[in-house]
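Heads up: the structure comes next, in structure tokens.
Number of protein chains: 2
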Amino acid sequence: MDSTLDSPVLHVNGDRLWSDLMELATIGAYDDEATGLVGVDRQSLTDEDAEGRRLVIGWMEDAGLEVTIDPMGSIFGRRAGRRDDLEPVMAGSHIDTVATAGAFDGCLGVLSGIEVVRTLDDQGIVTERPIVIAAFTEEEGVRFGTDMLGSAVAAGRIDLETAYGLTDAEGKRFGDELRRIGFVGSAPVLLDPPYSYVECHIEQGPVLQQKDVAIGVVTGVQSISWQRVTLHGRAAHAGTTPTELRVDAGLAAAQIIVKVREMVDSGRYGRLRGTVGHITASPGLPSVVPDRAEITVDLRNPEDHHMEAAERDLDEFLSALPDAQPGLRVETRRMARTRQVPFSVDVQETIAKSAADLGHPVDQLMSGAGHDAQEIAAIAPTAMVFVRGQHDGISHNPREYSTPEDCAAGASVLANTILRLAQENTR
Amino acid sequence: MDSTLDSPVLHVNGDRLWSDLMELATIGAYDDEATGLVGVDRQSLTDEDAEGRRLVIGWMEDAGLEVTIDPMGSIFGRRAGRRDDLEPVMAGSHIDTVATAGAFDGCLGVLSGIEVVRTLDDQGIVTERPIVIAAFTEEEGVRFGTDMLGSAVAAGRIDLETAYGLTDAEGKRFGDELRRIGFVGSAPVLLDPPYSYVECHIEQGPVLQQKDVAIGVVTGVQSISWQRVTLHGRAAHAGTTPTELRVDAGLAAAQIIVKVREMVDSGRYGRLRGTVGHITASPGLPSVVPDRAEITVDLRNPEDHHMEAAERDLDEFLSALPDAQPGLRVETRRMARTRQVPFSVDVQETIAKSAADLGHPVDQLMSGAGHDAQEIAAIAPTAMVFVRGQHDGISHNPREYSTPEDCAAGASVLANTILRLAQENTR
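Residue numbers (this note's numbering), protein chains in the order written: chain Z, 158 to 584; chain P, 158 to 584.
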């Protein structure tokens, strides 16, 4: 039976949450030329990340949480329950950012979790189950090339040695950088499966804004494919080498970029999204045909069969490139590949009930971005609360913005969801 | 009348020339990953360039030349004539290289000039006119973005202040770097027009090899257009931002690269060549749509009207890019633009006569690459001697190679050409 009938409807302190979000955003702040705004660059295992971690741990300890750190540097703050032997309800996200970030991506999930604990304390509520607030390491994957890294190791999908061996653009190893910033913890590598996991996150898309609702209940995460494609050609003089004798690695890279957009526009692959974010060519001189080019191809699709078709057709296109330029060598390396992840219907319903108690209409939607929740979903019933973004939900950009009211609404939905889950199946 | 009838036919010392070429190539030598060969990276105004300059000046002084340096760092070695008041015959080229160079581009022209002086000394020949051997600064243009820079200033096309203000990729100014390596000279900025200028250079193309002749008489240099194109888009999340809301700077760059090749293949622009050698995108992360991309476009054409048509059509294409991606901003900066340069028919005939005296069949051809000769052609009768290259004349690559025999043949043609010119119109 459900003991939440006698529980109050919780409202978090939105001002307290907002001031935490703004304070964390000052760490790694930079003046963004493209937007004229102040952005955030707090990539994983940098000095800025370490400073952000210390700030968050301080807030956790001020909220009375018992803080532990695992060997990946992921941070866990635990609030005891009346039945402290029961599996905890977990909420969390990450605080690492891309190089051109805003203040909300990831941070809202961690800080709203801490705010929920403060709210329970203010109300003098002790839950049956313990509650754990988590901040996972390197969710963005921009520095070490694999996203959801901390939660993937905690859930057992990637092993610790593999993670430690990953290197950044400068060749620095993840393990060495984690040691450098002093965040190699002693908690178990594999996370004890929680009773359930809930992640509050900005939508990073335009759907909720278009439907004019502040809260989304996330049904799952779409399939994501990342690969690095390296083209090996031959350097040659731009003015004298006949076109038919060239093996132009930069041209081949450009043909792939154009092809990816053609595939997206074709509509043949459902709601495929394709992005080439990383593009380099060497030696990089105006008068020399590039002998080497490197790009990354990011494909997303809500349906696995459409993703598989897109990957198959792109592979065929890559294999055919040397037909047009004999001598060209195409090398691909898989960086990440996740299948579509459906979330727990029970947890989705609990989120919807909690939103209803607060009078918030909700929309159901699938996540276009990858989240730590999709990793934890492998070991525990999981779902997510999405918060409406402004400016078409632009994200990974300093223009990323959600209003204080919407952030508070998301945190209050998270609070009531955690409270309900923390009282479930406790007798 | 012509006083060369009583002159001997000169043969340079090929071993001496070859050993100089190989010794200069050790300065800036590096192991080239792409080819497995040893390449040369001696870009302008680097420490390696300075070391190469000191070696060449030593050779000039050993050959009894009076060495002067101009405010651009260009080096001139003068051999007195019997009629020392007459305008000198000048021969030269450059010793700076691209980042992935071989041993011959530029260096052959300077070192064969020094070898010609040694040969005249060995024969006890004093010419009527003085002879000057020149090594011009930053011909490649790969470091400061403008090629033929030293000769362009010497010929008055570019002024000294403009040249000094040019910056490299790290923002270092040309003037500061020239001062740093200690090569700011006191010779006049504007070169006193020589009687004639002859440049010996490797072909950097396949024509002479295909026609099985060692020597080419160059009729002129084709038109060259360099521009930098910067695309300004908007950074956005790769997984969530709908395709129609994206302003993808990297995609626009790729479309330009593909378009340039389409223009070349179309045949609509004569013997157009097009190269995009420099390609970058930022922030350069797999999951972020690039907000900025930068490329260089290098166009070459033997005929000015075809070049103008190609540039006009490319400009139209660039202007239309924002139609497909509203919000995209396209910024172009002209880096270099030279019209087709015809060489002196008289000097070409003197080169052909000298080759005939040596028993070398010749082919007439136009240069696909830019050379210091095209700048000096503005102030003096000028032509070039091309030397056959191997491997389809590949250049700007460690595989660049001309045989010792072909290098000696080119230097001997240069020797007899200089001797003829140095006796002309002296009464």
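Just so you know, even glycine gets a beta-carbon here, dropped at the ideal spot from N, CA and C.
For residue 401 of chain P, the secondary structure class from DSSP, reduced to helix, strand or coil, is helix. Secondary-structure assignment with DSSP links residue 521 of chain P through a beta bridge to P:374. In this structure, the straight-line span from the alpha carbon of residue 498 of chain P to that of residue 463 of chain P is close to 15 Å.
For residue 187 of chain Z, the enclosing beta strand (DSSP E) has its first and last residue at 186–188. Residues of the stretch 547–562 of chain Z with a C-beta less than 9 Å from any C-beta of chain P: 549, 550, 551, 552, 553, 554, 555, 556 and 557, listed in chain order.
In this structure residue 557 of chain P touches residue 262 of chain P by the C-beta definition: roughly 6 Å separates them, less than 8 Å. Counting the other CB atoms within 10 Å of its CB gives residue 521 of chain P a total below 16, which places it among the exposed residues. At a Cβ-Cβ threshold of 9 Å, residue 476 of chain P and residue 378 of chain P do not count as neighbours. Per the Cβ contact rule, the stretch 274–292 of chain P is in contact with the stretch 240–256 of chain P (3 or more Cβ pairs under 8 Å). According to the DSSP assignment, residue 549 of chain Z belongs to no alpha helix (DSSP H), since it is labelled neither H nor E.
Listed along chain Z, the residues sitting closer than 7 Å to residue 525 of chain P by beta-carbon distance are 396 and 397.
Check the Cα spacing between residue 412 of chain Z and each of Z:386, Z:397, Z:430 and Z:424: the tightest is with Z:386. In the three-state reduction of the DSSP assignment, residue 300 of chain Z falls in the coil class, being assigned neither a helical nor a strand state. With a cut-off of 8 Å on Cβ pairs, the stretch 275–285 of chain P is not in contact with the stretch 416–426 of chain Z, counting fewer than three such pairs. Residue 471 of chain P sits in a helix when the DSSP states are folded into three classes.
The residues 166, 168, 566, 569, 570 and 573, in chain order, have a CB closer than 8 Å to that of residue 515 of chain Z in the same chain once the five nearest residues on each side in sequence are set aside.
Apart from the 5 residues on each side of it in sequence, residue 230 of chain P sits with its Cβ closer than 6 Å to the Cβ of 294, 335 and 340 in its chain, given in chain order. Annotation: Cβ neighbours of residue 453 of chain P in chain Z (cutoff 7 Å, chain order): 443.
Residue range 561–580 is occupied by the alpha helix (DSSP H) that includes residue 572 of chain P, with no beta strand (DSSP E) assigned at that position.
When DSSP states are grouped into helix, strand and coil, residue 508 of chain P belongs to the helix group.
The beta-carbon of residue 470 of chain Z is placed no less than 9 Å from the nearest beta-carbon of chain P.
Taking a C-beta cut-off of 9 Å against chain P, the contacting residues of the stretch 398–414 of chain Z are 398, 399, 400, 402, 403, 405, 407, 408, 410, 411, 412, 413 and 414, listed in chain order. Taking C-beta atoms as the reference points, residue 395 of chain P and residue 430 of chain Z count as a pair closer than 9 Å.
Segment contact: the stretch 541–554 of chain Z against the stretch 388–402 of chain Z, fewer than three CB-CB distances shorter than 8 Å; contact not assigned.
In the DSSP annotation of this structure, the continuous segment of the beta strand (DSSP E) that includes residue 293 of chain P starts and ends at 288–293. Residue 318 of chain Z sits in a helix when the DSSP states are folded into three classes. Ranked by Cα distance from residue 205 of chain Z, the first of Z:215, Z:183 and Z:223 is Z:183. Pairing residue 225 of chain P with residue 343 of chain P gives a Cβ-Cβ distance under 9 Å. Using a C-beta cut-off of 8 Å, the stretch 431–449 of chain P makes contact with the stretch 437–450 of chain Z, since at least three inter-stretch Cβ pairs fall below that distance. Per the C-alpha coordinates, the member of Z:545, Z:483, Z:529 and Z:538 positioned closest to residue 253 of chain Z is Z:529. Between residue 526 of chain P and residue 366 of chain P the beta-carbon gap is near 16 Å, outside 8 Å, which marks them as no contact. Classified as exposed, residue 179 of chain P has fewer than 16 neighbouring CB atoms from the shown chains inside 10 Å of its CB.
Among the CB atoms of chain P, one or more fall inside 9 Å of the CB of residue 304 of chain Z. Counting only the Cα atoms, residue 191 of chain P lies some 8 Å from residue 391 of chain Z. Remark: three or more beta-carbon pairs, one from each stretch, lie closer than 8 Å, so the stretch 206–224 of chain P and the stretch 266–279 of chain P are flagged as touching.
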